[in-house]
Amino acid sequence: MIRLTLIALTLAASTAAAGPVAAPGDIGLRHEIQMLADYGAIRGPTTSWPLAWAAILADLEAAQAANMNLPVPVRSTYVRVLERAKRETARNDARFNARVSASEKPTRIRGFTNAPYEEGELSAGFSWANDHVSLDINATGAYEPLDGKEARADGSRLAVDWGNVTFAASTMDRWWGPGWDGSLILSNNARPMPAFTIGRNRTHAFETKWLSWLGPWDLEAIFGQMESDRVVPNAQFFGMRFTFRPFNSLEIALSRSAQWCGDDRPCGFSTFTDLFFGKDNVGDAGTTPENEPGNQLGGFDLRWSNMWFGQPSAFYLQAIGEDEAGGLPSRYMGMLGIETSGYIKNRWSYRWYAELAGVSCDIVKSEPGYGCAYNHGIYETGYRYRGRVVGHGAESDARIVSTGLVLVSNADTQWHLLIRTGDLNRGGGIDIRNTLTPLPLELDSIDLTHSRAVGKLGWLDIGLGYEQLEDGLTGDNTSDARGFITWRSR
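In this note's numbering, the protein residues as written are 36 to 525.
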């Protein structure tokens with residue numbers, strides 16, 4: 036099915052305009068987009084970020100043309116996101132941006148957030164688009180970065196459209212999945228790796244009756260470059276995600292990713308085809324440790340929503356396999372979540388969510404497979420990039436419960452409260468591969484983030500947090516406060 040869909044994506048050359056994308060990190064914007072999707076004003080998938088603003092605008096304009104009868108408080112959300120979509124897709128409009136942040140002990144478990152990675156960051160950028168090309172150039176200087184890279188081009192993108200297909204060279208964050216505090220396969224926990232991407236610009240459904248039942252759909256393929264400072268230097272990254280909404284209340288996604296190639300590893304086209312078709316386990320015909328194609332993850336996620344007591348509510352899950360058996364993913368990690376949203380006095384919109392993540396192989400078994408998740412015998416640095424795991428921020432063998440509350444006012448003022456509790460690296464011993472903690476730890480933390488407009492001067496983001504850790508081997512307790520402040524231009 037994925038191969039057929041990739042062919043269909045390439046052939047889907049309907050007229051579309053190139054445009055920028057909404058990057059992951061702005062949890063208030065994500066909340067409002069999801070609100071409009073739950074009410075039917077946005078028809079396309081919403082769990083694969085970045086989202087193309089052209090697809091959002093097309094859906095909102097279609098809802099406007101159909102005179103969709105939205106509840107009164109939802110209309111203000113609709114108008115605000117529609118105006119934002121029109122600004123973001125403006126043609127031949129050169130725009131500059133700037134950002135400066137200071138942080139004390141930046142969080143090491145990143146959820147869907149744009150909190151700073153480092154103690155100090157200074158960024159400047161430029162964006163421009165016409166009907167076929169869009170350009171985002173961003174440069175960041177980091178103070179005493181953990182990975183030693185003071186100069187960065189994170190958040191940059193050069194995209195060219197061919198019909199409804201967008202080809203891009205990108206260093207943008209990505210987020211695959213319905214979770215609000217984590218994704219098991221691809222999140223913005225690690226810095227974004229440079230990549231070439233292919234994806235749809237708009238997400239309208241197939242017209243043929245054989246595939247129209249899929250509803251609005253999206254597909255993205257990523258070909259990324261990992262860093263040189265790893266056990267297998269310069270490994271390549273491949274990812275593919277197919278998302279569709281057969282019903283307005285149901286969104287389903289199939290995802291896979293792989294590390295392959297790299298110095299002194301097989302890198303030819305035949306290696307990639309073996310990897311693509313799942314012929315990459317030692318013991319398969321002709322597969323040995325010397326020619327094993329790569330380290331793969333794959334699985335699915337879904338989000339099912341409904342109206343409960345007059346409010347949109349949803350259940351979601353994600354299951355990602357760290358191994359393969361019979362051509363399908365196996366040894367699953369898992370995540371479950373629930374969320375509900377609504378309005379307070381027609382002034383504030385809110386979203387409450389709670390999710391449980393088990394970041395160990397065979398998580399549903401009584402004895403999970405510790406030491407397996409995000410690790411590999413050949414690619415020994417594992418499923419990590421520049422010192423952070425590419426998947427869930429809680430790292431390998433974590434079991435963590437997160438609950439959060441998002442508030443957004445009609446004036447775009449935002450609050451986000453996040454509480455976490457759980458066990459990190461719970462295999463029982465010391466694991467030096469774990470980039471978050473080599474020791475088993477019990478975690479309790481709370482974070483509060485506030486964002487508000489400062490007149491014409493831009494936006495101010497302020498975050499405060501506190502965490503307590505208990506050493507699982509000695510019982511010792513430590514606690515720490517953290518915080519950050521960020522100014523960003525309009």
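From the three backbone atoms N, C-alpha and C, an ideal C-beta is built for every residue, glycine too.
Compare the beta carbon distance of residue i and residue j with 8 Å and say whether it is the shorter of the two.
i           : j           : result
residue 81  : residue 68  : yes
residue 181 : residue 422 : yes
residue 520 : residue 136 : yes
residue 261 : residue 207 : no
residue 94  : residue 76  : yes
residue 270 : residue 296 : yes
residue 428 : residue 144 : yes
residue 454 : residue 438 : yes
residue 328 : residue 310 : yes
residue 240 : residue 249 : yes
residue 55  : residue 162 : yes
residue 517 : residue 500 : yes
residue 251 : residue 79  : yes
residue 103 : residue 384 : no
residue 476 : residue 452 : no
residue 434 : residue 396 : no
residue 355 : residue 332 : yes
residue 132 : residue 160 : yes
residue 523 : residue 134 : yes
residue 341 : residue 284 : yes
Hey, how far is the Cα of residue i from the Cα of residue j?
i           : j           : result
residue 526 : residue 407 : Here the chain covers residues 36 to 525 and nothing more, so residue 526 does not appear.
residue 266 : residue 470 : 15 Å
residue 466 : residue 410 : 11 Å
residue 401 : residue 272 : 32 Å
residue 562 : residue 489 : Since the first residue of the chain shown is 36 and the last is 525, residue 562 is not available in this structure.
residue 58  : residue 147 : 10 Å
residue 153 : residue 512 : 25 Å
residue 189 : residue 205 : 8 Å
residue 63  : residue 495 : 14 Å
residue 231 : residue 212 : 20 Å
residue 357 : residue 186 : 33 Å
residue 508 : residue 405 : 17 Å
residue 129 : residue 175 : 19 Å
residue 72  : residue 243 : 24 Å
residue 198 : residue 412 : 42 Å
residue 506 : residue 179 : 27 Å
residue 414 : residue 313 : 17 Å
residue 298 : residue 264 : 11 Å
residue 425 : residue 87  : 22 Å
residue 258 : residue 214 : 24 Å
residue 47  : residue 246 : Caution applies to residue 47, whose pLDDT of 40 falls short of 50 and renders its modelled position unreliable; the value that the coordinates give is listed next. Going from the Cα of residue 47 to the Cα of residue 246 covers about 13 Å.
residue 492 : residue 464 : 50 Å
residue 44  : residue 225 : Per-residue confidence for residue 44 stands at a pLDDT of 42, beneath the threshold of 50, marking its modelled position as unreliable; the derived number appears in the next sentence. Each residue's Cα considered, the two are about 29 Å apart.
residue 106 : residue 216 : 29 Å
residue 183 : residue 301 : 29 Å
residue 165 : residue 124 : 9 Å
For residue i, which residues does DSSP report across the bridge?
i           : result
residue 65  : DSSP, once it has assigned bridges, lists no residue as partnering residue 65.
residue 396 : 404
residue 116 : The partner list for residue 116 (beta bridge, DSSP) is empty, contrary to what the question assumes.
residue 88  : DSSP output for residue 88 lists no bridge partner at all.
residue 311 : Paired residue(s): none; residue 311 is not in a bridge.
residue 488 : 494
residue 451 : 441 and 484
Does residue i pass the burial test, meaning 16 or more other C-beta atoms within 10 Å, or should it be called exposed?
i           : result
residue 364 : buried
residue 193 : exposed
residue 139 : exposed
residue 167 : exposed
residue 484 : buried
residue 305 : exposed
residue 330 : buried
residue 308 : exposed
residue 403 : buried
residue 100 : exposed
residue 525 : exposed
residue 38  : Residue placement at residue 38 is poorly supported in this model, since its pLDDT is 42, which falls under 50; the coordinates are not used for a value here.
residue 173 : buried
residue 510 : exposed
residue 360 : exposed
At the 8 Å Cβ level, is residue i part of the contact set with chain C, yes or no?
i           : result
residue 221 : The structure shown has no chain C; it contains just one protein chain.
Flag this pair as touching only if the stretch 348–356 and the stretch 367–377 have three or more C-beta atom pairs under 8 Å; answer yes or no. Contact annotation: the stretch 348–356 touches the stretch 367–377, with at least three C-beta pairs closer than 8 Å.
Would the stretch 230–241 and the stretch 456–472 be scored as touching if the rule is three or more Cβ pairs under 8 Å? Flag = no, the stretch 230–241 and the stretch 456–472 do not touch.
With three or more C-beta pairs closer than 8 Å as the rule, is the stretch 290–299 touching the stretch 215–224? Yes: at least three Cβ pairs fall under 8 Å.
Pair every Cβ in the stretch 414–421 with every Cβ in the stretch 383–393, then say whether three or more of these pairs are closer than 8 Å. Contact between the stretch 414–421 and the stretch 383–393 is absent: fewer than three C-beta pairs spanning the two stretches fall below 8 Å.
Say whether the stretch 119–126 touches the stretch 86–106, bearing in mind that this needs 3 or more beta-carbon pairs closer than 8 Å, one atom from each stretch. These segments touch.
Below 8 Å, how does it come out for the stretch 281–288 and the stretch 435–454: are there three or more Cβ pairs, yes or no? Counting Cβ pairs under 8 Å, fewer than three are found: no touch.
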